[in-house]
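A short write-up of the structure that comes next.
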Amino acid sequence: MFGPHHHQDTDIAKNIRVIEWLKADLLASLSALFKAMLRGNEERLMDAFSSIIITCYVLGRRLGISFTRMDLKLESKLRQGIEEGHEMERWYGDLSALLAHLVEKKR
């Protein structure tokens, strides 16, 4: 009834739909973040930030990037920002603090 490529075609179509859903979810989470910032609600802020981070990792995975590679790239970007004197690093030390947090979590 179905050809040999039916299952593969179905998987590709499903993956495309999931990617589109994740993109929309990312926008919705960003909107929720902005609303939470206006309202000053810390719980909603944390929820929105968490949703954004999760969606980014899952979207990356759906696009063929492993969580480990994402982590390594994140650390690399932080080190690069530190070395290049990114404003957030110069003014507040945020990049170093985040890098230290991520490295400590791995132990």
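Counting in our numbering, the sequence shown runs from 32 upward without gaps. No residue lacks a Cβ here, since even glycine has one placed at the ideal position from N, Cα and C.
Please classify residue i: is it buried, with 16 or more other beta-carbons within 10 angstroms of its beta-carbon, or exposed?
{"i": "residue 53", "result": "buried"}
{"i": "residue 60", "result": "buried"}
{"i": "residue 86", "result": "buried"}
{"i": "residue 109", "result": "buried"}
Rounded to the nearest angstrom, how far is the Cβ of residue i from that of residue j, given a contact under 8 Å?
{"i": "residue 120", "j": "residue 126", "result": "4 Å"}
{"i": "residue 113", "j": "residue 133", "result": "Actually they do not touch by this definition, with Cβ atoms about 13 Å apart."}
Taking DSSP as the reference, what is the three-state secondary structure of residue i?
{"i": "residue 38", "result": "helix"}
{"i": "residue 74", "result": "helix"}
{"i": "residue 93", "result": "helix"}
{"i": "residue 48", "result": "helix"}
{"i": "residue 121", "result": "helix"}
Kindly indicate the opening and closing residues of the alpha helix (DSSP H) around residue i.
{"i": "residue 113", "result": "98-114"}
Just checking residue i against the ligand PLP - is the residue's beta carbon closer than 7 Å to any of the ligand's heavy atoms?
{"i": "residue 79", "result": "This structure lacks the ligand PLP; in fact it carries no ligand of any kind."}
Practice task
Answer yes if the segment 54-73 comes into contact with the segment 81-96, meaning at least three C-beta pairs across the two stretches below 8 Å, and no otherwise.
Solution key: yes
Practice task
Could you tell me whether the segment 85-100 touches the segment 37-52, using the rule of 3 or more Cβ pairs below 8 Å?
Solution key: yes
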